[in-house]
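Trainee:
Protein chains in written order, with the working numbering: chain A, 2 to 182; chain B, 2 to 182.
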């Protein structure tokens, strides 16, 4: 099954290629619908892509879910970063008195006959004052449970060992292998 | 100019009809793109509508902008209400130490030759603990400047006298009248 990853993000593509060396990428303009449910966002993007192109497409969403804020910001994280930045998100979480959070990757795949499959990876952790300069996005304020470093304080190898993205990619990889048998 | 208001919200339609008695409404499914800029959201909806229908369309966005949160939630307000409700939005604003906010209506019109025009109404105010049961959405936590009632404590007539929506509709009305001359 030839997979095409719909993304313009080279960092994400690289992480995917480590597991799926044959994956291709396609950077097409897919509007992101306003939704807080990652599955709905991914489903809409895959549907849009299938209207114009043929293939087995992959769309990925990695978001931060603060428990005391009932899952906000979730997929809206980029607007939080654009406005109040990581410092503002930290303060917002801290003000609720409970900084527990989940980092979640959802991968959507349009497989045979356009059927959609989803693969998730979830990491528990907490929101902390920004530390570290590696990575991107909200890496500086997320400290995975059982670790004393934020994602931004870890190097790539270290981060990948605990990353929600790798868990989801591994599930996808397993599915692909089974499909090919 | 025959105007068609793209909305499924009967309350909004009623407010518009008070000023523009001849306005029609059309409830079509227009996906809301994920954006924090009301103009961009409206532009995308008008563009989408014009691909499938002919006419002079109106799209409206009324949102709440908290100053200390750099304008959040803005058009993302519905996701905040869905998750943390008005009480959560109040706590979020209160935790920043500055509850100043703006209530803003943006109306977009696709006029002659599909040219888009925008009309805004802005009201200054502050976020308070929920009070009152009239209105809808975030009316219970928004107290307009110069008033000691929230929108939810005002009756329809009282609210309309200070409403951001009426300011925007009046600007639209003026534009229509000038176009027809």
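The beta carbon of each residue, even a glycine, is placed where N, CA and C say it ideally should be.
Quantities reported herein were computed from a predicted structural model and do not represent experimental measurements.
Examine chain B for any beta-carbon lying closer than 8 Å to the beta-carbon of residue 84 of chain A, and answer yes or no.
Mentor: Closer than 8 Å to some Cβ of chain B, the Cβ of residue 84 of chain A qualifies, so yes.
Trainee: Kindly list, in the order they appear in chain B, the residues whose Cβ is closer than 9 Å to that of residue 96 of chain A.
Mentor: What residue 96 of chain A touches in chain B: 92, 93, 95, 96, 97.
Trainee: Using only the alpha-carbon positions, how far apart do residue 31 of chain A and residue 158 of chain B sit?
Mentor: Approximately 43 Å, taken between the alpha carbons.
Trainee: Using a Cβ-Cβ cut-off of less than 9 Å, list which residues of the segment 28 to 42 of chain B approach chain A; keep chain order.
Mentor: If the cut-off is 9 Å between Cβ atoms, the segment 28 to 42 of chain B has 32, 33, 34, 35, 36, 37, 42 near chain A.
Trainee: With a cut-off of 8 Å, do at least 3 Cβ pairs link the segment 10 to 27 of chain A to the segment 161 to 179 of chain A?
Mentor: The segment 10 to 27 of chain A is in contact with the segment 161 to 179 of chain A.
Trainee: Does the segment 33 to 42 of chain A come close enough to the segment 77 to 95 of chain B that 3 or more CB-CB pairs lie under 8 Å?
Mentor: Segments in contact, yes.
Trainee: Within the continuous beta strand (DSSP E) that includes residue 7 of chain B, where are the two ends?
Mentor: Element bounds for residue 7 of chain B: 4 to 7.
Trainee: Check whether chain B comes within 8 Å of residue 72 of chain A, counting only Cβ atoms and requiring the distance to be less than that.
Mentor: Chain B contact via Cβ: present.
Trainee: Establish whether the CB of residue 7 of chain A and some CB of chain B are separated by less than 8 Å.
Mentor: No, residue 7 of chain A does not count as interfacial toward chain B.
Trainee: Going along chain A, which residues have a C-beta under 8 Å from residue 139 of chain B?
Mentor: Ordered by position in chain A, no residue passes the 8 Å Cβ test against residue 139 of chain B, which lies about 15 Å from the chain.
Trainee: Along chain B, which residues have their Cβ under 8 Å away from the Cβ of residue 65 of chain A?
Mentor: Going along chain B, no residue has its Cβ under 8 Å from residue 65 of chain A, so there is no contact; the nearest lies around 14 Å.
Trainee: Take residue 99 of chain B and list the residues in its own chain whose beta-carbon comes closer than 7 Å to its own, dropping the five residues that flank it on each side.
Mentor: Closer than 7 Å at Cβ, skipping near neighbours: 68, 69.
Trainee: Could you compute how far the alpha carbon of residue 152 of chain B sits from the alpha carbon of residue 133 of chain B?
Mentor: Between residue 152 of chain B and residue 133 of chain B, the C-alpha separation is close to 8 Å.
Trainee: Could you check which residue in A:33, A:102, A:110, A:129 has the C-alpha nearest to that of residue 89 of chain A?
Mentor: When only C-alpha atoms are compared, the closest one is A:129.
Trainee: Check this for me: beta carbons of residue 126 of chain A and residue 146 of chain A, under 8 Å apart or not?
Mentor: Yes.
Trainee: Let me check one thing: in DSSP terms, what residues is residue 106 of chain A bridge-paired to?
Mentor: Paired residue(s): A:63, A:122.
Trainee: Using a cut-off of 8 Å between C-beta atoms, extract the partners of residue 77 of chain B located in chain A.
Mentor: Within 8 Å Cβ-Cβ: 35, 77, 80.
Trainee: State the Cα-Cα distance for the pair residue 164 of chain A and residue 124 of chain A, rounded to the nearest angstrom.
Mentor: Rounded to whole angstroms, residue 164 of chain A to residue 124 of chain A spans 7 Å at the Cα level.
Trainee: Three-state secondary structure (DSSP) at residue 209 of chain B?
Mentor: Outside the modelled stretch of chain B, which goes from 2 to 182, sits residue 209 of chain B, for which no answer is possible.
Trainee: Use the C-beta contact count for residue 180 of chain A: other C-beta atoms within 10 angstroms, 16 or more gives buried, fewer gives exposed.
Mentor: With fewer than 16 Cβ atoms within 10 Å of its Cβ, residue 180 of chain A is classed as exposed.
Trainee: For residue 137 of chain A, count the other beta carbons within 10 Å of its own beta carbon; 16 or more makes it buried, fewer makes it exposed. Which is it?
Mentor: With fewer than 16 Cβ atoms within 10 Å of its Cβ, residue 137 of chain A is classed as exposed.
Trainee: Would residue 61 of chain A and residue 5 of chain A be called neighbours here (beta carbons separated by less than 8 Å)?
Mentor: No.
Trainee: According to the Cβ coordinates, are residue 183 of chain B and residue 65 of chain B closer than 8 Å?
Mentor: The question about residue 183 of chain B has no answer here: the residues shown for chain B are numbered 2 through 182.
Trainee: Per DSSP, residue 144 of chain B is paired with what?
Mentor: In DSSP, residue 144 of chain B forms a bridge with B:127.
Trainee: Taking the CB atoms as reference points, tell me whether residue 43 of chain A and residue 112 of chain A lie closer together than 8 Å.
Mentor: No, the pair does not count as a contact, with Cβ atoms beyond the cut-off.
Trainee: From the DSSP output, which residues share a beta bridge with residue 58 of chain A?
Mentor: For residue 58 of chain A, which the question treats as bridged, DSSP gives the partners A:5.
Trainee: Return the CA-CA distance between residue 71 of chain B and residue 178 of chain A, expressed in angstroms with no decimal places.
Mentor: Those two C-alpha atoms are separated by around 47 Å.
Trainee: Any idea what DSSP makes of residue 138 of chain A, helix, strand or coil?
Mentor: The answer is coil: DSSP assigns residue 138 of chain A none of H, G, I, E or B.
Trainee: CA-CA distance, residue 10 of chain B and residue 2 of chain A?
Mentor: Those two C-alpha atoms are separated by around 45 Å.
Trainee: Tell me where the beta strand (DSSP E) around residue 25 of chain B begins and ends.
Mentor: Element bounds for residue 25 of chain B: 25 to 27.
Trainee: Leaving out five residues before and five after residue 168 of chain B in sequence, what residues of the same chain have Cβ atoms less than 6 Å from its Cβ?
Mentor: Cβ within range, chain order: 122.
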